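Take any residue in the first sequence, count from 1 to its spot, add 31: that is its number in our numbering. Here a beta-carbon is modelled for each residue, glycine too, at the ideal position from N, C-alpha and C. The structure displayed is predicted, hence computed values, not measured ones. The block underneath contains the structure these notes are about, expressed in structure tokens.
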Amino acid sequence: MAGAVVDLFPDAKPTIGPSIDPVGFYYDFFVENPFTQEDIDKIQKRVEEVIQKNSEFVRDEMSLADAIKYYEEVDKNKFKVEILKETEADKVSFYSHGEGNFKDLCRGPHVPFAGRIKAIKILNASSAFWRADADRESLQRVYGVALSNEKQLKKHLAMLEEAKKRDHRILGSQLDLFGTADEWGPGMPLIYPKGAIILDTLKDFWKKEHRKAGYELVQTPHIYKENVWQTSGHTEYFLEHMFPVDMRGEQWYVKPMNCPGHMMIYNRKAYSYRELPVRFGEMGTVYRYELSGALHGLFRVRSITQDDAHIFMLPDQLEDEIVRVIELVEHFYKVFGFQKWEYFLSTKPEKSIGTDEGWEHATNSLMRAIERTDLPYKVKEGDGAFYGPKIDVDVMDALGRKWQLATIQVDFNLPERFDTNYIGEDSQKHKPFVIHRTIFGAMERFLAIIVENYAGKMPVWLSPVQVEVIPITDQHIEYAKSVVEDLLKVGIRAEADLSGDRMEYKIRQATINKVPYIINVGDKEIESKTIAVRSRGNKVEFEVKIPDFIDKVIKQIENYE
RNA sequence: GCCUCGGUAACUCAGUGGUAGAGUGAUUGACUUGUAAUCAAUUAGUCGAGGGUUCAAUUCCCUUCCGAGGCUCCA
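Rendered as structure tokens:
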């Protein structure tokens, strides 16, 4: 593909072009003018021509010095020179094909003939920064997929289509869950009644499980005076992300994090070492001024409800506490039917605070904790926060996409800043270890993820409307109402569709709204005191006794199905 | 914040240098129906905002806001 681009745009300077997981590739070019849709179509055509010709890819080797010389003098490509200067190999390989005089630095291996690529699609172009650094040159990235046959390509494109259909922004408006608009502020979603039911159900679940796990639930204000943020260091390090509040000359800030509140609650009294660990949990909504280009539906918003918790403990309790958090994570994710999730341990970065002993103890405790759970994990060297090491969890959804949800972070910074202590056995003050953790990550984003993961078909326990009751004619309205009442009484979310439309139309509407159970009632049902139940998959069961149906649904709700 | 592409009715979208249309929805009426769309009528918009060119701008140009796809960042 790079060859095609250079054929069409002689001034384009290829930089790097790796393949991406699980399929596809991209290539970054330095060009004067960004690619347009027309350019993409041209590139697609040219690529197809190259494949048609089925020319051979030839591998050449060159010494590193010659290669640098080639890119400095012949090809004048400073990006390649930069890459080459960083390699340690003394010989590098080039690939070229019979068409044109394009050759490219490539470690290989490579397909032997262009014709081996049976199906290719150049998808889109966008900008990217050289070396992912916003201060460096802006490049044009061209995305594409190549597969060994047309059928697989179609399948892949169908998957992309499916992902589009599952887009929570589309499902969100179809299912009347939430809305975003610039009128009231970008990144500030309004959660509509049906979306709120899902969120509330998730929150109730979260609260129940956290109380069981020994957490104390707290509540903290949304804004504080400036001095709190000076103590926490936010005004120094996080100011550009914070919403300021000018209280008639006095400076306040809306909270971008829940931590300060929890620290202050801890500091209200002198905790004894016998009382630790102390665990504070809160569904706290924080506000962060995210860059406008980063906003995306409910995935990236500026009003963020975190399922936050801070745990204060003795140093030797750290390992046990991490194990407990991991167990909670495992329990939560199993409920939502995710296929797979991965743990990452991030260690000390270059810039950090805290003592070496502290880092070592904390990092080892995190590592030992994961190892005790027998879960596989990977280490990200130097990727920790400046205030402590952390464990992140990436969850894979039904379409194989990964989302970072849970994070468990040790914090050396806040206990110092807030002068947080416990009284030890020696009746002296000591600094507790503090971890900050979330499991869902952010409720808005978690809602978006499960909407996409379930393709809008929420399991019964999360469905905003669990049962839609549809009378066949107006003569059956009274019975429909009484059925709804029976269901509401036992806590099932039911409603009757009493509009003037035909029954078939109502069934269609309820199906589109992805209601798990659609109940029809007519003369037959009234006579036998039963209901006709249509469940997902369009199976209809007649003469179902109401108590039997209630038992079944209640059981599903209790089992988080 | 950076690059490309967009912004027309509640939603999806068509369209034009002479102030706009379709489908869906919503409302009303008729129909009273047995498992995925009954029929009819009504309702529809500062054509994102500001400025410029023009006799005339929704259309062309500029600015700005917002959105989409990426990058960066991140829960």
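Query raised in the report: Quick one, are the C-beta atoms of T561 and E574 less than 7 angstroms apart?
Result: Note that the C-beta distance between T561 and E574 is below 7 angstroms.
Requested in this report: Out of P578, E352, F449, V564, state which residue places its alpha-carbon closest to the alpha-carbon of V259.
Outcome: F449
Query - Member of F580, Y318, K116, M489 whose CA lies at the smallest distance from the CA of T649 - result: A query on residue 649 cannot be resolved here, the shown segment of the chain reaching from 32 to 592 and no further.
Query raised in the report: Taking the alpha-carbon positions, what's the A43 to F88 distance?
Result: Spanning the two alpha carbons is a distance of roughly 21 angstroms.
Requested in this report: Compare the Cα-Cα distances from T232 to each of C290, I481, N444, R279 and report the closest residue.
Outcome: I481
Query - Closest Cα partner of E589 within the set W372, L445, E509, K239 - result: K239
Report task. May I ask you to check if the CB of H272 is nearer than 6 angstroms to at least one heavy atom of the ligand GDP? Result -> In the structure shown, the ligand GDP is absent, as is every other ligand, since no ligand is present at all.
Query raised in the report: At what residues does the alpha helix (DSSP H) containing I503 begin and finish?
Result: Secondary structure note for I503: it is in no alpha helix (DSSP H), with a DSSP letter that is neither H nor E.
**Report entry** Which of helix, strand or coil DSSP assigns to R601
**Finding:** Since the first residue of the chain shown is 32 and the last is 592, residue 601 is not available in this structure.
Query raised in the report: Can you check whether the CB of P547 is closer than 7 angstroms to the CB of V500?
Result: In this structure, V500 keeps its C-beta atom at 7 angstroms or more from the C-beta atom of P547.
Query - Limits of the alpha helix (DSSP H) - the one that P291 falls within - result: 290–297
Query - Distance between P45 and K122 (C-alpha atoms, nearest Å) - result: Going from the Cα of K122 to the Cα of P45 covers about 20 angstroms.
Requested in this report: Starting from N551, trace the beta strand (DSSP E) both ways and give me its first and last residue.
Outcome: Per DSSP, N551 belongs to the beta strand (DSSP E) from 548–552.
Query raised in the report: Which of the three DSSP states, helix, strand or coil, is assigned to P463?
Result: coil
Report task. Measure the Cβ-Cβ separation of G413 and P380 and say whether it is below 7 angstroms. Result -> Yes, they are a contact pair.
Query - Reference I335; option with closest CA among F125, L136, A473, L518 - result: Checking every option, the nearest Cα to that of I335 belongs to A473.
Query raised in the report: Can you give the Cα-Cα distance for P407 and F375, rounded to whole angstroms?
Result: 9 angstroms
Query raised in the report: Can we say the stretch 274–288 touches the stretch 242–258, given the rule of at least three CB pairs closer than 8 angstroms?
Result: yes
Query - Residues bridged to Q337 [DSSP beta-bridge criterion] - result: G315, A473
Query raised in the report: Alpha carbon to alpha carbon, how far is G264 from D425?
Result: 29 angstroms
Report task. Could you give the DSSP three-state label for I523: helix, strand or coil? Result -> coil
Query - Residue nearest to Y57 in terms of C-alpha spacing, selected from L359, K152, W283 - result: K152
Report task. Can you have a look at Q11 and say buried or exposed, based on whether 16 or more other CB atoms are within 10 angstroms of its CB? Result -> One cannot answer for residue 11 here, as it falls past the ends of the chain, which runs 32 to 592.
Query - For T504, the nearest candidate out of A525, L529, S513, V410 (CA to CA) - result: L529
Query raised in the report: Taking buried to mean at least 16 other C-beta atoms within 10 Å of its own C-beta, is D661 buried or exposed?
Result: Past the edges of the chain, shown from 32 to 592, lies residue 661, and the structure says nothing about it.
**Report entry** For W260, the three-state DSSP class (helix, strand or coil)
**Finding:** helix
Query raised in the report: Between the Cα of M314 and the Cα atoms of G226, H341, R299, which residue gives the shortest distance?
Result: H341
Requested in this report: Using the Cα positions of F160 and S383, report the straight-line distance between them to the nearest angstrom.
Outcome: In this model, F160 and S383 are separated by some 26 angstroms (Cα to Cα).
Query raised in the report: Under three-state DSSP, which class holds F375?
Result: strand
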